[in-house]
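Numbering of the sequence shown is given in my numbering, commencing with residue 92 and proceeding in unit increments.
Beta carbons: idealized from backbone N, C-alpha and C, even for Gly.
Bear in mind the structure is a predicted one, so any value in this text is a computation, not a measurement.
Some notes on the structure that comes next.
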Amino acid sequence: MEIITSTKAMQARALQLKKQGITIGFAPTMGYLHDGHIKLVKQSLENNDITVMSIFVNPLQFGPGEDFDAYPRDVKRDQKLAEEAGVNILFLPERADVYPNEPSFEINVLKRTDVLCGRSRPGHFNGVATILIKLFNIMLPDNVYFGLKDAQQVAVVDSLIKDFNFPIQLIPVETEREEDGLARSSRNVYLSEEERVHAPHLYKGLKKAADAIQNGETNPATVIHIVEDYIKTNTNGEIDYIEILSFPNLEQLKQLHGKIIIALAVKFSKARLIDNIILETQIGSRNFEV
Ligand code: PAF
């Protein structure tokens, strides 16, 4: 595995690969790799000649009081995991190289951000969009791989690619889960023993909602209530939000129809966990697909 630490060298390498007609698959990450990240790599390896991964904890996407300093980091372990997974090039830039000057531009994401995590993390997606514009221009990928656990991020990246005409294909990848259903996340390490027992109930609550919809429920408020009740009964976490929206536009629905997302965020003592289910509904029909 090749390791590149400078933005200039990375872009030069990507340009060289493009000139040779080599396709580049790209998995952007903030490190502390887990099976969810490895799943992105595996998928990229299947569709591209070269797979590149970046590890960069992007300060711009953390708000004041969020966990930028405490965000788990272990570059040595990540290098080993990336190499074992088959990553061809690992990009490990320094902050001063990525953001060398006071910026002259500010990216402001106008849609798909005033709901879900965007509502409680103002500016977060502006930071995500800024780093991705930079990384897309440095890595010159053909295909980019994003986990559906961060479904709002997938929706924002979808519009980023379309709005700015990036010649890039977005490949959303299914959430990787533990055996008990808990979505894999770098933040799971913050859970206490008791919270780790409660945490799988988030996904179970979402599945109860999916079951209700499958059984014909079309009222979003009723479905949200089912999840809320389940989570309050089975965990000691504090619900940040439970929302049902259209996907990927992330718009409110009076009645459930078309492709929808049921998403939640729950705060435990040191970890705020998110999860979601995306499914296709059809009013008046039992047709259903997760
Ligand atoms: O999903 C993440 O880890 C980050 O938001 C990303 C896409 C690497 C941008 O910093």
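{"Asked": "Where GLU267 sits in the DSSP three-state scheme", "Found": "coil"}
{"Asked": "Between the CA atoms of THR313 and LYS171 - distance to the nearest angstrom", "Found": "47 Å"}
{"Asked": "ALA173 versus THR96: straight-line alpha-carbon distance, rounded", "Found": "15 Å"}
{"Asked": "Three-pair Cβ contact test at 8 Å for the stretch 318 to 330 versus the stretch 291 to 306", "Found": "yes"}
{"Asked": "Helix, strand or coil at PHE147 according to DSSP, with G and I counted as helix", "Found": "coil"}
{"Asked": "Beta-carbon proximity list for THR326, same chain, < 6 Å, skipping 5 on both sides", "Found": "HIS289, HIS292"}
{"Asked": "Nearest-angstrom Cβ-Cβ length linking THR120 and MET144, presumed shorter than 8 Å", "Found": "6 Å"}
{"Asked": "Counterpart residues of VAL357 in DSSP-defined beta bridges", "Found": "ILE330, LEU364"}
{"Asked": "Spatial neighbours of ASP233 in its chain, beta-carbon cut-off 6 Å, leaving aside the 5 residues before and after", "Found": "THR114, ILE115"}
{"Asked": "Beta-carbon proximity of LEU207 to GLN243, cut-off 7 Å", "Found": "yes"}
{"Asked": "Whole-number beta carbon distance between PRO311 and ILE330, since they are thought to touch under 8 Å", "Found": "At roughly 16 Å, the Cβ-Cβ gap does not stay under 8 Å, so ILE330 and PRO311 are not in contact."}
{"Asked": "Beta-carbon contacts of ASN139 that lie in its chain and below 7 Å, excluding the five residues immediately before and after", "Found": "THR114, ILE115, GLY116, ASP233, ASN234"}
{"Asked": "Backbone CA spacing between LYS110 and ILE229 [nearest angstrom]", "Found": "15 Å"}
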